[in-house]
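One line per chain: the protein sequences are A and B, in this order. For the first sequence, my numbering begins at 2 and goes up steadily by one. For the second sequence, my numbering begins at 2 and goes up steadily by one. For every residue, glycine included, the Cβ atom is placed at its ideal position computed from N, Cα and C. Every value quoted in this text rests on a predicted model; they were computed, and no experiment measured them.
There are 2 protein chains.
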Amino acid sequence: MKRKLTLKHIASELDVSISTVSKALRDSSEISEDTSAKIKAFAKLYNYKPNNIALSLKNRKSKTIGVIIPEIVHHFFTTVISGIEHVANEKGYHVIICMSNNSFDKEVINMELLANGSTDGFIISVAKETQQKKDYHHLKEVLNQGMPLVMFDRVIDEIECDKVIIDDTIGAKKAVSKLIEIGCKKIGLITTVDYVSVGKLRTAGYFQALIEHGMKVDKSLILKIDDFEQSELEIKNFLENRELDGVFAVNEHFAIYAIKAFQEKGLRVPQDVAVIGFTDGELSKQFIPSLTTVSQHGAEMGAQTARLLIKKLESEDSDEEVYQTIIIETGLVERNSTKKDFTLSF
Amino acid sequence: MKRKLTLKHIASELDVSISTVSKALRDSSEISEDTSAKIKAFAKLYNYKPNNIALSLKNRKSKTIGVIIPEIVHHFFTTVISGIEHVANEKGYHVIICMSNNSFDKEVINMELLANGSTDGFIISVAKETQQKKDYHHLKEVLNQGMPLVMFDRVIDEIECDKVIIDDTIGAKKAVSKLIEIGCKKIGLITTVDYVSVGKLRTAGYFQALIEHGMKVDKSLILKIDDFEQSELEIKNFLENRELDGVFAVNEHFAIYAIKAFQEKGLRVPQDVAVIGFTDGELSKQFIPSLTTVSQHGAEMGAQTARLLIKKLESEDSDEEVYQTIIIETGLVERNSTKKDFTLSF
Chain A
2 MKRKLTLKHI ASELDVSIST VSKALRDSSE ISEDTSAKIK AFAKLYNYKP NNIALSLKNR
62 KSKTIGVIIP EIVHHFFTTV ISGIEHVANE KGYHVIICMS NNSFDKEVIN MELLANGSTD
122 GFIISVAKET QQKKDYHHLK EVLNQGMPLV MFDRVIDEIE CDKVIIDDTI GAKKAVSKLI
182 EIGCKKIGLI TTVDYVSVGK LRTAGYFQAL IEHGMKVDKS LILKIDDFEQ SELEIKNFLE
242 NRELDGVFAV NEHFAIYAIK AFQEKGLRVP QDVAVIGFTD GELSKQFIPS LTTVSQHGAE
302 MGAQTARLLI KKLESEDSDE EVYQTIIIET GLVERNSTKK DFTLSF
Chain B
2 MKRKLTLKHI ASELDVSIST VSKALRDSSE ISEDTSAKIK AFAKLYNYKP NNIALSLKNR
62 KSKTIGVIIP EIVHHFFTTV ISGIEHVANE KGYHVIICMS NNSFDKEVIN MELLANGSTD
122 GFIISVAKET QQKKDYHHLK EVLNQGMPLV MFDRVIDEIE CDKVIIDDTI GAKKAVSKLI
182 EIGCKKIGLI TTVDYVSVGK LRTAGYFQAL IEHGMKVDKS LILKIDDFEQ SELEIKNFLE
242 NRELDGVFAV NEHFAIYAIK AFQEKGLRVP QDVAVIGFTD GELSKQFIPS LTTVSQHGAE
302 MGAQTARLLI KKLESEDSDE EVYQTIIIET GLVERNSTKK DFTLSF
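Structure follows, in structure tokens:
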């Protein structure tokens, strides 16, 4: 049986990274001549065919959009997908989804897979690992070959392409300002490590709100989480030794874990501590107390990415290099977790 | 610009359904000769190429699995996908996901799209509309062309292929038996309309549990929901005029809506009414009271579908027609919503 040789096969055969193979085959100066020559010889020997996207693009339209997301278990990404599906269907496009599972290698492989004739363009929110490594050659390459790419949520400043983001910093600032307005004096922040772009931006919003209201920033009230799996325990331990009357969390899971940790300590939310989350998912809506949250408008975000991509795909002048960044305004959805005068109805 | 002609174009051009086009091109006797001739002439004129899967299959392996699911917003399907991804990655396969949004037409189009060289085989949970129409020609066709197909959750009895299901009826019976054991006398059922296979099977489990415990079946205690969007309101109205001390709901949303409706009536869960759901999602875990639920083991289900498919793809004798149905045993995850002696800690 004849198998199609992929970047992955070459990488594992020569014991180098997928990124190295990909760069070597594109004559990147980052790769040593020796390694580069070896990789090219191997590719030639086994008749590896890189994607000739540029060649085929003008003649063929698959009417298919490739979507690459970091993970599927977060409600936010599923709402973005429904927004993409909605617009794509209206305009007669199909949607194919792949997941990177936050792995750089999987992201590169998925792009190779989908660029290989199945799709006309990409919508992508990059993997955590890609942001950490700062290796964007696969994104640049797709763009260089004339294939449109729209980034959303986790975007890369260094890459010039259409982007759809929310005002993460402003959204976070709104949330923390709300906590200050209802009288919170010691406000904790539960966020992600800094290399996750949205976590960093939301952290900046927390600082801005405190500073603008003349409040002191106390770094001991900030918890930065790296491993999502451990977050419930980390939040519990963090809150155990801290006296807070308000918490802003950068996603809804962190916020719910915080509420539970407070309840275990015998504190009432919102009477003793007010809590605000980010992302308006089912948990925020259904939880008791229902969670005040910064809404990211995921479906609207997805719809905008699809509109931008389809516009590029259907524009006559495909060499036109005008890129747009659409900023979706966040809204604060006020529910019971910030109503200081709230009483439980049972 | 030359566009690839698809089933959808032909259907809209000739004002017939996608299913009719697909059947006519395969010489189905279900389509009148006149219509069939018209469709074939159009396809020939515009050079439509149906998928020649059988021709290419023996020579080419894309090492890619196509997954078609009805929707993505249900936690259950996202856990199945993570199970599929896990096994596929281990075995060196890629995963491409498409959504039918419960539409028959979209399901047919997605299969056409993915069968067209991008994937080696399918994992599918069929759309609600496909079950309603009982039109399975697209599934049969893929199988006839020698492309392996594994169905999960919403499976079709009439189609012979590998299947992974849970013991829906036994799971439901376990749940209702639990309610009877803790002393419930008037147990309501919140389920789906009968054409959704899993809803029907779970309803059967409800009947079996009551009958085996010598309890009378009262059909006025059963609510069958068709439109998910309206479910919260329907459940509220249904429960308003009924005196129940237990409720079994066939998914976690229905269960949470029931708890909220009871709380609005001034009833306490679990002290006055016990509630059990189906599907062990985040809502069930995080809600207060936490929800007792029948666990479907979605990740395990996904892992099994991927194993079955890859086994078929890699078997030497691909003409072998031995199909397996793996039944994943459900478990009852007992939480606070059925603890009659439970007291809220705040």
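Check for me: the alpha helix (DSSP H) holding residue i runs from which residue to which?
i	result
residue 144/B	138 to 145
residue 13/A	8 to 15
residue 153/B	Run containing residue 153/B: none in the alpha helix (DSSP H); it sits in the beta strand (DSSP E), 150 to 153.
residue 236/B	232 to 241
residue 180/B	169 to 182
residue 268/A	Segment: none, residue 268/A is in no alpha helix (DSSP H) and carries neither H nor E.
How long is the line joining the alpha carbons of residue i and residue j, rounded to whole angstroms?
i	j	result
residue 8/B	residue 93/A	12 angstroms
residue 248/A	residue 274/A	7 angstroms
residue 270/A	residue 226/A	22 angstroms
residue 294/B	residue 111/A	36 angstroms
residue 32/A	residue 17/A	11 angstroms
residue 331/A	residue 210/A	16 angstroms
residue 283/B	residue 73/A	14 angstroms
residue 305/A	residue 327/A	8 angstroms
residue 136/A	residue 265/A	43 angstroms
residue 63/B	residue 182/B	53 angstroms
residue 315/A	residue 103/A	31 angstroms
residue 36/A	residue 113/A	21 angstroms
residue 190/B	residue 339/B	15 angstroms
residue 49/A	residue 29/B	41 angstroms
residue 207/B	residue 193/B	13 angstroms
residue 145/B	residue 162/B	11 angstroms
residue 95/A	residue 244/B	48 angstroms
residue 329/B	residue 97/B	24 angstroms
residue 20/B	residue 197/A	46 angstroms
residue 231/B	residue 224/B	13 angstroms
residue 67/B	residue 150/B	9 angstroms
residue 83/A	residue 290/B	30 angstroms
residue 267/A	residue 200/A	29 angstroms
For residue i, count neighbouring Cβ atoms within 10 angstroms of its own Cβ and tell me buried if that reaches 16, exposed if not.
i	result
residue 323/A	exposed
residue 214/B	exposed
residue 125/A	buried
residue 131/B	buried
residue 352/A	This structure does not reach residue 352/A, given that chain A is present from 2 up to 347, and the question cannot be answered.
residue 253/A	buried
residue 134/A	exposed
residue 44/B	buried
residue 297/B	buried
residue 287/B	buried
residue 107/A	buried
residue 212/A	exposed
residue 121/A	buried
residue 179/A	buried
residue 46/B	exposed
residue 101/B	buried
residue 55/A	Low confidence applies here, because residue 55/A scores a pLDDT of 37, under 50, leaving its location unreliable; read the following figure in that light. By the 10 Å Cβ count, residue 55/A comes out exposed.
Secondary structure at residue i, three-state DSSP: helix, strand or coil?
i	result
residue 163/A	strand
residue 339/A	helix
residue 296/B	strand
residue 81/A	helix
residue 109/B	helix
residue 279/A	strand
residue 100/B	strand
residue 68/B	strand
residue 250/A	strand
residue 326/A	strand
residue 212/A	helix
residue 194/A	coil
residue 303/A	helix
residue 363/B	What the structure shows of chain B is the stretch from 2 to 347, and residue 363/B is not part of that stretch, so it cannot be assessed.
Could you tell me the boundaries of the beta strand (DSSP E) in which residue i lies?
i	result
residue 123/A	122 to 125
residue 157/A	Taken as a continuous stretch (DSSP letters only), residue 157/A belongs to no beta strand (DSSP E), as it is neither H nor E.
residue 334/A	332 to 334
Any heavy atom of the ligand NAD closer than 8 angstroms to the Cβ of residue i?
i	result
residue 99/A	With respect to small molecules bound, the structure shown includes none, and the ligand NAD cannot be examined in it.
Quick one: list the residues of chain D neighbouring residue i, beta-carbon separation under 9 angstroms, in chain order.
i	result
residue 112/A	No chain D is present in this structure, whose protein chains are A and B.
- [ ] Decide yes or no for the touch test of the segment 143 to 154 of chain A against the segment 183 to 192 of chain A: beta carbon pairs closer than 8 angstroms, at least 3 of them.
- [x] Proximity of the segment 143 to 154 of chain A to the segment 183 to 192 of chain A falls short of the contact definition, fewer than three beta-carbon pairs being nearer than 8 angstroms.
Task: Cβ contact (3+ pairs, closer than 8 angstroms) linking the segment 157 to 174 of chain B and the segment 230 to 239 of chain B - done: The segment 157 to 174 of chain B, when compared against the segment 230 to 239 of chain B, does not touch it at the 8 angstroms Cβ threshold.
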